[in-house]
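J.: The structure that follows is given in the form of structure tokens.
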Amino acid sequence: MNRRLRAVLSRLAQALPVILGVVLVSFLLTRALPGDPAAYFAGDAADAASIEETRVKLGLDRSMPEQFGLYVLQLAQGDLGQSLTTGQPVVEELARRLPASLELTLVALLVSCGIAVPLGVLAATRPGSWIDHACRLLVTAGVSLPTFFTGVALIYVFYYLTGWAPSPLGRLDFIYLEPPSVTGFFLIDAALAGDAETWFAALRQLILPAATLALFTLAPIARMTRAAMLSALSSDYIRTARAAGLTSRKILFGYAFRNALLPVVTTLGMVFSFTLGANVLVEKVFAWPGIGSYAVEALVASDYAAVQGFVLCMALLFVALNLVIDLAYSMIDPRIGFDSK
Amino acid sequence: MGLDTSRRGFLKGGSVALGAAALPFLKFMPAQAAGDDVVVVVMGQTINSLDLHRTGTNRPSYQVAVNCYDRLVSFGTKTMPDGSLSYDYSTIVPELAQSWTVSEDGKVITFKLKPEAVFQDGSKVTAEDVKWSFDRAVSVGGFPTTQMAAGGLLRPDQFAAVDEETFTVTLDKPSKLALPDLAVPVPFVLNSKIAKQHVTDADPWAMEYVHKNTIGSGAYKVVRWDPGQQLVYERNDKWTGGPLPGAKRVVLREVPSQATRRALIERGDVQMSWNIPNKDASELDGKVEVYSTPIENAIYVVSLNYNFEPFQDPDVRKAVAYAIPYEEIFKTAAYGRGVPMWGGSGIETIDWPQPSPYVFDLDKAREHLEKSAFAGGFDVPFSIDLGQSDWMEPTALLIQEQLAKLGITSTIDKIPGANWRTASLVEKRLPLALETFGGWLNYPCYYFFWAYQEGHLFNSSNYANPEIEQLVGETLDLPVEHPDYAPKVKRMFEIAFEDLPRIPLFQPALSVAMNGATGYEYWFHRELDARKLAKG
Chain C
1 MNRRLRAVLS RLAQALPVIL GVVLVSFLLT RALPGDPAAY FAGDAADAAS
51 IEETRVKLGL DRSMPEQFGL YVLQLAQGDL GQSLTTGQPV VEELARRLPA
101 SLELTLVALL VSCGIAVPLG VLAATRPGSW IDHACRLLVT AGVSLPTFFT
151 GVALIYVFYY LTGWAPSPLG RLDFIYLEPP SVTGFFLIDA ALAGDAETWF
201 AALRQLILPA ATLALFTLAP IARMTRAAML SALSSDYIRT ARAAGLTSRK
251 ILFGYAFRNA LLPVVTTLGM VFSFTLGANV LVEKVFAWPG IGSYAVEALV
301 ASDYAAVQGF VLCMALLFVA LNLVIDLAYS MIDPRIGFDS K
Chain A
342 MGLDTSRRGF LKGGSVALGA AALPFLKFMP AQAAGDDVVV VVMGQTINSL
392 DLHRTGTNRP SYQVAVNCYD RLVSFGTKTM PDGSLSYDYS TIVPELAQSW
442 TVSEDGKVIT FKLKPEAVFQ DGSKVTAEDV KWSFDRAVSV GGFPTTQMAA
492 GGLLRPDQFA AVDEETFTVT LDKPSKLALP DLAVPVPFVL NSKIAKQHVT
542 DADPWAMEYV HKNTIGSGAY KVVRWDPGQQ LVYERNDKWT GGPLPGAKRV
592 VLREVPSQAT RRALIERGDV QMSWNIPNKD ASELDGKVEV YSTPIENAIY
642 VVSLNYNFEP FQDPDVRKAV AYAIPYEEIF KTAAYGRGVP MWGGSGIETI
692 DWPQPSPYVF DLDKAREHLE KSAFAGGFDV PFSIDLGQSD WMEPTALLIQ
742 EQLAKLGITS TIDKIPGANW RTASLVEKRL PLALETFGGW LNYPCYYFFW
792 AYQEGHLFNS SNYANPEIEQ LVGETLDLPV EHPDYAPKVK RMFEIAFEDL
842 PRIPLFQPAL SVAMNGATGY EYWFHRELDA RKLAKG
């Protein structure tokens, strides 16, 4: 265990240069954006003089190395600066929006896995059967419908026509109030507060956007499960196991599935990371106050602090995610020595 | 944050900020029954500050200055031909001021404040508060200072608190713009006693505090602000600026997707959808209440840059003006909402905007192009703003198609939001572009000041004409009733239509949908004025 802890720490240490690189690159990239934030934020009727005043106020009149030095100094104190588009400190904003995105993405992935993994296993055990075709049909449909279309279509059917879903007004309808913040995940916070009404209200708001995202992420997971299961089932050790007369249940889950899990987990990690960044459209359609729409708004307005904060936050998240996935590997398959690296 | 965001306090109404009025926010009621005096409004944009004077405060946030603060004076209200309400530029009515007098030479305006006017904390509104607020507006720089300067309000020494209820503004020269400029959202009055408690050496105007707290005497106060999500106004029952609003609470939700906003208003789960696209306005009309008001002193135009060689030729400019399919643009891009600005029959009034004499006539366009030095045509990039692509894209495509028939090849260049202002207004480097400008102060000379004077921000065509320079300078401060005013303004129109740095297309409209609420009023600032809203 001690060795593993040391390995984790060394992995974290290895991530440091990556983070430093991200800090530098995100700083340079935002400055390379063609827009002029001073002109943008000076307001509608600003003249050259007031644009210049705004530039001085934003500290954009200083030299680049000076600006970078200030930024790093702030960063060292845990201050990501102030976003101009929203007028809030970036740290506060990320702390509020990241859980919103994470909650949506995790619920969507949970739903997606709950459907895609069994479906993939079933399709692999009966290749060419009707269930295999049904699986193919579902995932093709899911991946070929753009998320904003699925989202709008779901709203149209379940909110506009039938009225079953609540108003698509973000994480909670306006008549409810946020549960006291512990984790930022409304489902967890409401459960901690023992507030069933708010818990159900938050869940109801989650269903449509999570379903939209889940539909989109079904395909890679189901396809990967099917392929990995097929190759595992056709391998020598399964033949040996069958010859040894093990029960088909033991063969399927004890040997084949466990071996097939590795590529599935890898895919899951990839799907998670791109969904988190790519659910901007879902966030917009459902007025979800997530991190994706925040980043896009910031980019459009050349809001340096917010863009840098977002990139840094995502970098940290990916470092953590990769670590978790590597740990998961070594648990699934002890032959992969995480700690020996 | 100074706002009460704790859930328990909000629900039980036990906190000072909320008082006993938190009741309509019952926890488990369906949205429709959320209370007879709660109006829910959705909009696509975001509020980024509660303080208009702050650097970087965006347009939608100006409404907080309107709803939560008072000015000395305001504009009256008139009923439009379609029965909707609009502010009335021609009458100035009291808000915090009870009365005012203008000195003989027109330079000193003396205001008497309402003795009963109080801030939300119950303290009296004094001339000292007005003085501090006006000093702030002219000192913080950026947009507020520019807007104050438009009315001749430049320096703190122009403002004086004579006694508790008397306040004077001294102008360097008399100007018809001064009084109306006091009725725009910028010179709002803050509670200087509270603000001064939050002043620091680095922050002499309490910008940080006012950014997150409303400390005015206005019709509402902000009781909850979740940036990026919602803003909740609660009625200030001590308001003296006008009749109390019918709505006790106004909940403003930010919903970025237009399709979602439309579903919400059609279902009636929200009572108002702010600034809906023209397409929705024409489709929703009849299903829900739709108000489309032409935006005063605003025109959507094609801007021809004088720095671009072919456009220096007057015949090329006229050829372009005759090659624009106005009618089709108005139908496709504006869905017929707004006012046509083409095919005018001569300049008879001093109304602005007014139609240009040009119509869609390709033969005439060809004739003009033949006469010019560019008879064979030329290549030109046609720039549009990605953020306004809803009307700019169809308009540009329609114009591009007709220009091609003249041999003018244009390629459409979409520029994202942050770069648009820099490219079109600051650097003024786009040869052919679409442009929109609307003046807050509703005078033709004010429009020309911003859009036709050399070097001014909205003159994206780099247009310079000595006669226009002189005429604008002469008319800007002149009263409209002055005998010289009308002839000079008509001459400006004439030159503008002859020189064509900006080819008018149409006057845009602001459209708002209502379902289950009343009291919408159009204002020149084009943001929500919730002071007359009521459910029903």
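If you read the protein sequences in the order shown, they are chains C and A.
The first sequence: position 216 = 216 (the working numbering), numbered continuously.
The second sequence: position 298 = 639 (the working numbering), numbered continuously.
Here a beta-carbon is modelled for each residue, glycine too, at the ideal position from N, C-alpha and C.
Mind listing, in chain order, the continuous alpha helix (DSSP H) runs of no fewer than 4 residues lying wholly within the segment 111-164 of chain C?
T.: 130-144, 147-154, all fully within the segment 111-164 of chain C.
J.: Spell out the partners DSSP gives A461/A in its beta bridges.
T.: It should be noted that the sequence gives Gln, not Ala, for residue 461/A. Q461/A is not bridged to any residue.
J.: Whole alpha helix (DSSP H) runs in the segment 578-648 of chain A with 4 or more residues, listed along the chain?
T.: Listed in chain order, the complete alpha helix (DSSP H) runs (minimum 4 residues) inside the segment 578-648 of chain A are 599-608, 619-625.
J.: For chain A, is any of its Cβ atoms less than 8 Å away from the one on A39/C?
T.: Closer than 8 Å: yes.
J.: Scan the segment 590-622 of chain A for residues whose Cβ lies nearer than 8 Å to a Cβ of chain C and list them as they occur along the chain.
T.: So the close ones are V592, R594, E595, V596, P597, S598, A600, T601, A604, L605, E607, R608, D610, V611.
J.: So what does DSSP say about S167/C, is it helix, strand or coil?
T.: Three-state result, S167/C: coil.
J.: Check whether the Cβ of V111/C lies closer than 8 Å to any Cβ atom in chain A.
T.: Cβ-Cβ to chain A under 8 Å: no for V111/C.
J.: Identify the continuous beta strand (DSSP E) that holds S751/A and give its terminal residues.
T.: Segment 750-756, the beta strand (DSSP E) holding S751/A.
J.: Would the segment 576-591 of chain A and the segment 701-715 of chain A be scored as touching if the rule is three or more Cβ pairs under 8 Å?
T.: Cβ pair count under 8 Å is below three, so no.
J.: Using a Cβ cut-off of 8 Å, pull out every chain C residue sitting near P757/A, in sequence order please.
T.: The answer, in chain order, is G35, V300.
J.: Spell out the partners DSSP gives L426/A in its beta bridges.
T.: DSSP, once it has assigned bridges, lists T420/A, E862/A as partnering L426/A.
J.: Which whole runs of the alpha helix (DSSP H) in the segment 177-260 of chain C are 4 residues long or more, in chain order?
T.: Entirely contained in the segment 177-260 of chain C, the alpha helix (DSSP H) runs reaching 4 residues are, in chain order, 186-192, 196-233, 236-243.
J.: For chain A, find out if any of its Cβ atoms is closer than 8 Å to the Cβ of E66/C; answer yes or no.
T.: Closer than 8 Å: no.
J.: With distance defined between alpha-carbon atoms, name the residue in V381/A, D825/A, D840/A, S724/A nearest to I175/C.
T.: It is V381/A whose Cα lies nearest to the Cα of I175/C.
J.: Could you check how far apart the C-beta atoms of R226/C and A124/C are, in whole angstroms? I think they sit under 8 Å.
T.: So it is a contact: roughly 5 Å between Cβ atoms.
J.: What three-state label does DSSP hand W441/A in the structure shown?
T.: It is a strand residue.
J.: For chain A, check one thing: does any of its Cβ atoms lie closer than 8 Å to the Cβ of A202/C?
T.: Closer than 8 Å: no.
J.: Since I believe L206/C is in contact with F158/C (beta carbons under 8 Å), could you give me their beta-carbon distance rounded to a whole number of angstroms?
T.: F158/C to L206/C, Cβ: 13 Å. No contact.
J.: What residue from V407/A, D377/A, G385/A has the CA that sits closest to E862/A's CA?
T.: E862/A has its Cα closest to that of V407/A, out of V407/A, D377/A, G385/A.
J.: Just mark D825/A as buried or exposed, buried being the case when its beta carbon has 16 or more other beta carbons within 10 Å.
T.: Counting Cβ neighbours within 10 Å, D825/A comes out exposed, since fewer than 16 surround it.
J.: Per DSSP, what kind of secondary structure is E575/A in: helix, strand or coil?
T.: E575/A: strand per DSSP, three-state reduction.
J.: Decide yes or no for the touch test of the segment 509-524 of chain A against the segment 478-494 of chain A: beta carbon pairs closer than 8 Å, at least 3 of them.
T.: The segment 509-524 of chain A is in contact with the segment 478-494 of chain A.
J.: If contact is defined by three or more beta carbon pairs under 8 Å, each pair taking one atom from either stretch, is the segment 816-825 of chain A in contact with the segment 654-674 of chain A?
T.: No, because fewer than three Cβ pairs between the segment 654-674 of chain A and the segment 816-825 of chain A fall closer than 8 Å, the two stretches do not touch.
J.: Could you confirm whether any beta carbon from chain A is found closer than 8 Å to the beta carbon of F427/C?
T.: This structure gives no information on residue 427/C, because the portion of chain C shown stretches from 1 to 341.
J.: In this structure, does DSSP put P456/A in helix, strand or coil?
T.: Coil, per DSSP.
J.: Please confirm if the segment 141-155 of chain C is in contact with the segment 65-76 of chain C, defined as three or more CB-CB distances below 8 Å between the two stretches.
T.: Verdict: no, contact absent.
J.: Between K250/C and chain A, is the shortest Cβ-Cβ distance under 8 Å, so that the two count as touching?
T.: So, not an interface residue.
J.: If I measure Cβ to Cβ from S633/A and keep anything under 6 Å in the same chain, skipping five residues before and after, which residues do I get?
T.: Excluding residues within five positions, the ones whose Cβ falls inside 6 Å are A622, R678, A850, S852.
J.: Could you tell me the boundaries of the alpha helix (DSSP H) in which G483/A lies?
T.: 483-491 is the extent of the alpha helix (DSSP H) around G483/A.
J.: Sort out for me which residues DSSP pairs A501/A with in a bridge.
T.: In DSSP, A501/A forms a bridge with T509/A.
J.: Leaving aside the five residues before and after P528/A along the sequence, list all residues of the same chain whose C-beta is less than 8 Å from its C-beta, in chain order.
T.: Around P528/A: R412, L413, S474, F475, A478, M489, L494, D522.
J.: Please list, in chain order, the residues of the segment 476-509 of chain A that have any C-beta partner in chain C closer than 7 Å.
T.: Those residues of the segment 476-509 of chain A that come within reach of chain C (Cβ to Cβ, closer than 7 Å) are G482, G483, F484, T486, T487, Q488.
J.: So which residues of chain C does P389/A contact, with C-beta pairs closer than 9 Å?
T.: Looking at the sequence provided, one finds Asn at residue 389/A rather than Pro. Near N389/A (Cβ distances below 9 Å), the residues of chain C are S83, L84, T85, T86, G87, Q88.
J.: Using 8 Å as the limit for Cβ to Cβ distance, is P289/C near chain A?
T.: Chain A contact via Cβ: present.
J.: Does the separation of the CB atoms of G559/A and N577/A fall below 8 Å?
T.: Yes, the Cβ-Cβ distance between G559/A and N577/A is below 8 Å.
J.: Mind checking if L75/C is an interface residue toward chain A, Cβ cutoff 8 Å exclusive?
T.: So no, L75/C is outside the interface.
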